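Each position in the sequence shown, counted from 1, maps to that position plus 274 in our numbering.
A virtual CB, placed ideally from N, CA and C, is assigned to each residue, including glycine.
Fair warning: this is a prediction, and the values are worked out from it, not measured in the lab.
In what follows, a single structure is set out as structure tokens and then discussed.
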Amino acid sequence: MLFSNFTSFKPINFLLLFASMLFVGCVQSSNTDSSTSKLPYDDPEFKGKIGETYATSEMDWPEMPSPPEGAPNVIVILLDDVGFGMTSTFGGSIPTPNLDSLAQEGLRYNRFHTTAVCGPTRAAILTGRNHHQSGNGFLAEWATGYPSYNTMIPRSTATIGKLMKYNGINTAWFGKNHNTPDWETSAAGPFDRWPTAMGFDYFYGFNTGETHQFYPVLFENTVPVEPEKTPEEGYHFQTDMTDKAINWMKLQKSISPDKPVFMYYAPGAMHAPHHVTKEWREKFKGKFDHGWDKEREITFARQKEMGIIPANAQLSPRNENVPLWESLDDDQKEFYTLLYENFAGYFAFTDHEVGRLLRAIGDLPDAENTLVMYIVGDNGASSEGGLDGTVNEIKALNGIQSTIEENLERADDIGGPDTEPHFPIGWAFAGNTPFPWVKQVASHFGGSRNPMVVTWPKVIKDKGGMRSQFLHAIDVVPTILEATGLQMPAYVDGVKQKPIAGKSFYSTFTDADAPEIRTTQYFEVLSNRAIYHDGWVAAHQHTLPWRQDVAPGYENEVWELYNIEEDFSEAIDLADKYPEKLEELKAIFDQEARKYEVYPLDDRGAERLSVPKPSPLGDRKEFTFYEGATRIPETAAPNTKNKSWTMEALLETDANHKDGVINALGGLGAGYVLYVQNGYPTFLYNFFESDVTTIKSSKKLPDGMASVKIDFTYDGSGVGKGGLFTLYLNNEKVGEARVAQTVAGRYGIDTFGIGEDSGSPVTKNYTAPYKFAGRINEVSIKLND
């Protein structure tokens, strides 16, 4: 049992602990009024006496905020990109024994909903408001200058972190943060939308939609940090962040065992790239040879047998975009199966790591009074791997496909540090069984329905119970507030708050037949939209996640209608049978859309990536960087793509200190690097691994001061075209090479740095970070339109 045999932690440093206990005992108060109209609270009034000396004065320690007596620890666990029918806990084929064990001790929820895409779901979970209200109508990289889509969470939608913190509960956030605007994630900030400014005392994780699990772009609070081990030494981010989470929790309980904590644990798993060791991947060898069509049938039958779905549920119709498994050739079947075996291994590994956290929670001195809300995915399974899947996700996202033959040449490496794998769309549809559609398609439950497991030993006694009330991510915050005895204030940090849109489902903890929590909920992402109302759903599927280049427009839209009280799986479209009901629901969608700030609809996909966004770079064309300028996000670095540019480095070296990286951007998936090796200045351009161009200087770098310059003349006439790279040493041409094509969109998830190649190296010609041994006085970059 996960919550049995718990013991108190013994202090390591008695004097420190004794002093801490004295301090806590002096300042904590149980008199805090949680229904105050504002947070933070006013400074407490001094009730002592001030005389001319201490002899005629009376002390009165200020009473600091503290949570209501009996408030539980709260742990919110949120996975990424998980289909409803993937885990063994909800009838899937991927074994998740730790999630199984948790469900046996608590409750499974089979009608919990997300927004169908990650950043918006996270905004809803953190704020208790609908994602458009909190500025997250879509993702940061696709942000536009409208309040509902700028991804700048407004101060009027304060997070659960702030509510907990201001009420005396220590808070921490581990893993993924996709709620800081893309252009605010550099070391230059601003930091008022980072986790540490959103109410979390401690943050350890990454600030984008995904990260390389072997070479993560890590921050501790607001400071970039590097892993202490390499992948060869066994490093994996999932293990690292779990270690940090357990250690933070133990430290809190060592010092203040009776004080509740709030933890938001959000690993990058199961988002691509799907990184795991070969050992974990090979556990699933041959397990999915039957293909995605059969996998849907197997999962559907198991879900019925387990009671996850009603006995009268029907399997939703097969999506015509997915090729029949039996229509594939042998190479396709082999590659697609390898990708899903790798994903399954990654998922099993993730369950193992989450299990370590759950066991540590079970060892807490107040484990019985710990509320765990485990949300298994921020949206449904992802089809962003496209029709064929990939071993280089960033290459695929830039619209460049590799052949099956090329991919199979790397079969043995899939899941390792040198790959960035993602499975094809067929597995996504199978993973979302029994529902139609996938991640991003908010119109249907394949995108928006995710499993959830909740435990709280002190309160929940229906071990292994099922709950089927219709819930949404916005309901998490009000449930936590009710569980902890807190209320939402009218003002936070002096800013009037938007009302909480969610409703507490606390009643379901003790009553399987508790009344429905919500009767109406809208859904919208990329103009895929739906409205749920009193057991009916009207739905319009608009865009294809794997075709971001297509904006369908708004003429001749087709809506579907489902009675989900009778049709759990959205298998039977009733639009033609009940046209008046459909029109009624469409009108309700419009009403809710206006109420919750959904408009304007925008179905542009990739085009929104190029919409001008706020930037610390402004409209500058010339930049100067110095040593120490590392871990700069690509969006905050000079944009050298699709144009001519020049970079010049002024170096100072001696005979024994010449080698190392001068400037690098990107990683093994794609990027460029200017470096010195064996005394020879070298420039390397990595076009998605398939075309690597190297220019080695014909002369060595001299001792003393020297200039190394790379000049690129772009061919023009569109994006991603080729051009000529020329290398200069002290203004003397020492090498050149032509490239046929260049990266048009993004180099990937790695970063820009001066003096070292942090994270995933652009090339294996050196061992990262390959810090420059001499002195870099400055690196100047000039962009030419």
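Ala923 is a Cβ neighbour of Glu1052, given a cutoff of 9 angstroms. Taking each of Asp532, Ala704, Leu492 in turn and checking the Cα distance to Asn593, the smallest one comes out for Ala704. Ranked by how close their Cα comes to the Cα of Asn1004, the residues Gly1029, Gly978, Ser991, Gly994 have Gly978 in first place. The Cβ atoms of Gly651 and His696 do not sit closer than 9 angstroms to each other.
In the three-state scheme derived from DSSP, where H, G and I count as helix and E and B as strand, Ser964 is classed as coil. Each of Ala1018, Ala786, Val982, Ala655 was checked against the Cα of Ser991, and the nearest Cα belongs to Ala1018. Within the model, the alpha-carbon separation for Glu896 versus Lys1056 is close to 4 angstroms.
Across the structure, Phe719 and Thr817 are spaced so that their CA atoms are roughly 15 angstroms apart. Note that the stretch 870 to 881 does not touch the stretch 1030 to 1038; fewer than 3 beta-carbon pairs, one per stretch, sit closer than 8 angstroms. Pairing Asp692 with His406, the inter-Cα distance amounts to about 37 angstroms. Distance between Phe558 and Ser972, taken at the CA atoms: about 50 angstroms. The C-beta distance from Gly738 to Gln1015 rounds to 56 angstroms, too long to fall under 8 angstroms, and the pair is not in contact. Between Phe562 and Glu615, the gap from beta carbon to beta carbon is short of 9 angstroms. In this structure, Thr388 sits away from Asn586, with a CB-CB distance that is not shorter than 9 angstroms. Look at Ser362 here: in three-state DSSP terms it is helix. For Arg385, the three-state secondary structure derived from DSSP is strand. Under the DSSP definition of a beta bridge, Leu948 partners with Asn937, Phe957.
In the three-state reduction of the DSSP assignment, Leu631 falls in the helix class, which pools H, G and I.
Our two residues, Ala685 and Thr496, have alpha carbons roughly 38 angstroms apart in a direct line.
Within the stretch 426 to 463, the complete alpha helix (DSSP H) segments of 4 residues or longer fall at 434 to 439, listed in chain order. Excluding residues up to 5 positions away in sequence, Ala880 lie with their Cβ nearer than 6 angstroms to the Cβ of Asp823 in the same chain. Between the stretch 476 to 490 and the stretch 511 to 530, the count of Cβ pairs shorter than 8 angstroms is three or higher; the stretches touch.
Under DSSP, His931 takes part in a beta bridge, and its partners are Asp928.
If you look at Ala813, you'll find it in the beta strand (DSSP E) that goes 810 to 814. Under the three-state reduction of DSSP output, Gly654 falls in the coil class, being neither helix nor strand. A contact between stretches requires three or more CB pairs, one per stretch, nearer than 8 angstroms, and the stretch 727 to 735 fails this requirement with the stretch 597 to 614.
Scanning the stretch 489 to 562 for uninterrupted beta strand (DSSP E) segments of 3 residues or longer gives 492 to 494, 497 to 499, 535 to 540, listed from N- to C-terminal end. Fully enclosed alpha helix (DSSP H) runs of no fewer than 4 residues occupy 853 to 869 of the stretch 853 to 901, in order along the chain. Secondary structure in the stretch 730 to 757: the beta strand (DSSP E) runs of 3 residues or longer, each lying completely within the stretch, are 739 to 741 in chain order. Pairing Val728 with Tyr383 gives a Cβ-Cβ distance under 9 angstroms.
In this structure the stretch 762 to 770 does not lie against the stretch 602 to 609, because fewer than three pairs of beta carbons, one per stretch, are closer than 8 angstroms. Annotated three-state conformation of Tyr765 is strand, per DSSP.
The shortest C-alpha to C-alpha distance from Lys669 to any of Pro336, Gly943, Ile984 is the one to Gly943. Contact between Met472 and Gly581 does not hold, since their C-beta atoms are separated by about 39 angstroms, which reaches or exceeds 8 angstroms. Where Glu667 is concerned, the enclosing alpha helix (DSSP H) starts and stops at 667 to 671. Check the Cα spacing between Asp640 and each of Val712, His807, Gly344, Asp625: the tightest is with Gly344.
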